[in-house]
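Visitor: One structure, pasted below without further comment.
Residue numbers (this note's numbering): 27 to 506.
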């Protein structure tokens with residue numbers, strides 16, 4: 027396909043990965059890898075339309091079969107083209123919570139996305155780097171680290187363990203493959219990177235955020251080092267280091283991860299049913315209060331909502347027939363995005379996906395509609411939906427596969443003031459950015475947070491004839 031050398035970058039988004047790809051595309055053809063094609067498609071188009079050569083391939087770094095398949099595609103597409111540089115910049119595995127609340131699955135995510143992912147990527151890249159001939163600069167393998175590569179801070183056991191493992195892998199590979207002519211290095215990025223989701227963060231000093239383009243230049247500098255002066259590790263940080271925090275980044279916990287530890291904790295932060303009552307847009311009527319926990323219960327830090335088939339109930343005021351009794355809770359407080367602020371919302375879900383089941387985790391306007399942000403919604407298709415409403419007809423909606431619904435999956439949403447009037451919403455699934463959407467004129471409007479197990483309606487009918495369960499744990503809601 028191309029006659030010039032090749033660079034491969036695993037882990038691209040709107041920040042560092044994209045900047046690295048753009049920098050290396052000035053000299054090489056580039057292949058960008060990400061599990062979600064939405065992360066690389068705009069970048070590939072940008073590079074190709076500006077005169078470069080780029081190819082995007084979907085790849086899951088934690089799956090050796092997926093990685094092997096991606097490298098086979100690269101070898102076929104770029105047969106005879108030497109690999110000049112490979113960069114492992116994959117995200118994922120970021121979990122921040124007290125150790126005693128950390129699950130084995132969460133701990134494994136840190137190791138899988140960093141240590142195991144780096145291992146799989148290196149297994150694919152190193153044979154190609156060893157074969158490379160006729161290059162201007164030594165073939166290079168670079169791993170992206172973080173402060174957690176050197177320091178395991180409180181509540182970062184999973185993430186730090188993964189980053190420690192990645193750094194150890196890089197050290198070992200540098201000693202093994204340096205004498206064979208491959209420059210293996212590790213970059214510690216210590217600080218806030220100036221990317222779209224951090225644009226609104228303010229600092230006491232200017233230039234206090236890391237410039238992703240400048241980071242990319244440092245990666246290029248590593249790549250162009252001669253064999254006489256291979257550098258193993260760069261530690262990149264802004265001149266103010268970490269002694270200054272962004273004025274707006276100090277998080278205030280509005281709902282703690284202990285909110286489902288007991289009924290008293292649940293009732294401190296949540297009310298039963300919808301804010302407006304028992305019925306809403308489906309065939310399930312919500313039932314529950316402080317003494318009736320048949321449909322809304324907590325146990326061992328997990329909230330369980332259950333929908334049970336029923337007959338003989340009167341229809342809703344809108345004429346919808348009731349086929350189930352079910353459970354819903356809503357946060358007692360409303361949440362308002364103010365200028366210069368935002369929210370981080372995280373929880374783990376075990377959600378049903380069968381036809382007729384309609385669980386959701388959403389924010390909706392307390393005084394008007396819209397706004398509405400569906401932080402996670404499942405509509406009986408086997409997929410998960412992420413949606414932002416500007417009007418009833420102007421909706422940003424994305425449905426993506428939802429594998430292993432019997433397992434718990436982590437949903438993380440970053441809601442930020444974008445420009446004083448509108449908000450941006452970054453939706454993550456299991457540590458991977460899925461999509462970014464925008465809500466118009468959301469600033470200053472109070473929002474209800476609702477967790478509900480609705481049935482039928484938008485999820486189709488008939489629904490199940492047996493009980494349906496929806497479980498949520500480790501929910502936290504922070505204001506920044």
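Every residue, glycine too, gets a C-beta built ideally from N, C-alpha and C.
According to DSSP, which residues form a beta bridge with residue 495?
Guide: 332
Visitor: Run through DSSP, which three-state label would residue 74 get?
Guide: helix
Visitor: Please determine, among 382, 447, 404, the residue with the shortest C-alpha to C-alpha distance to residue 397.
Guide: 447
Visitor: Given a threshold of 16 other Cβ atoms within 10 Å of its Cβ, counted over all protein chains shown, does residue 247 qualify as buried or as exposed?
Guide: exposed
Visitor: Which residue marks the beginning of the beta strand (DSSP E) containing residue 247, and which one marks its end?
Guide: No beta strand (DSSP E) holds residue 247; the alpha helix (DSSP H) holding it covers 238-249.
Visitor: Check whether the Cβ atoms of residue 350 and residue 402 lie closer than 8 Å to each other.
Guide: Their beta carbons are not under 8 Å apart, which means residue 350 does not touch residue 402 by this criterion.
Visitor: From the DSSP output, which residues share a beta bridge with residue 464?
Guide: 450
Visitor: Can you tell me which of the three DSSP states residue 432 falls into?
Guide: In this structure, DSSP gives residue 432 a state outside helix and strand, which the three-state scheme calls coil.
Visitor: Just to confirm before moving on: does the CB-CB distance between residue 80 and residue 58 stay below 8 Å?
Guide: yes
Visitor: Does the Cβ of residue 126 have 16 or more other Cβ atoms within 10 Å, making it buried, or fewer, making it exposed?
Guide: Looking at its Cβ environment, which holds fewer than 16 other Cβ atoms inside 10 Å, residue 126 is exposed.
Visitor: Within 10 Å of its beta-carbon, does residue 156 have 16 or more other beta-carbons around it, so buried, or fewer, so exposed?
Guide: exposed
Visitor: How is the beta strand (DSSP E) around residue 411 delimited, first residue to last?
Guide: 409-415
Visitor: Residue 82 by DSSP, collapsed to three states: which one?
Guide: strand
Visitor: Given a threshold of 16 other Cβ atoms within 10 Å of its Cβ, counted over all protein chains shown, does residue 491 qualify as buried or as exposed?
Guide: exposed
Visitor: Under three-state DSSP, which class holds residue 385?
Guide: strand
Visitor: If I measure Cβ to Cβ from residue 268 and keep anything under 8 Å in the same chain, skipping five residues before and after, which residues do I get?
Guide: Because the pLDDT of residue 268 is 46, which lies under 50, any placement of that residue in the model is unreliable, and the number read from its coordinates should be weighed accordingly. Cβ within range, chain order: 173, 216, 217.
Visitor: For the segment 114-124 against the segment 139-159, are there 3 or more C-beta pairs whose distance is under 8 Å?
Guide: They touch, by the three-pair rule.
Visitor: Determine the direct distance from the alpha carbon of residue 292 to that of residue 469, and round the result to whole angstroms.
Guide: 28 Å
Visitor: Assuming contact is defined by CB atoms lying nearer than 8 Å, are residue 475 and residue 356 in contact in what I supplied?
Guide: yes
Visitor: With DSSP as the reference, label residue 1 as helix, strand or coil.
Guide: What the structure shows of the chain is the stretch from 27 to 506, and residue 1 is not part of that stretch, so it cannot be assessed.
Visitor: Going by alpha carbons, who is nearest to residue 493 out of 391, 457, 331, 420?
Guide: For the residues 391, 457, 331, 420, the minimum Cα distance to residue 493 belongs to 331.
Visitor: Under DSSP, the alpha helix (DSSP H) around residue 46 begins and ends at which residues?
Guide: 42-51
Visitor: Excluding the 5 residues flanking residue 71 on each side, which residues of the same chain have their C-beta closer than 7 Å to its C-beta?
Guide: Nothing listed; no residue qualifies.
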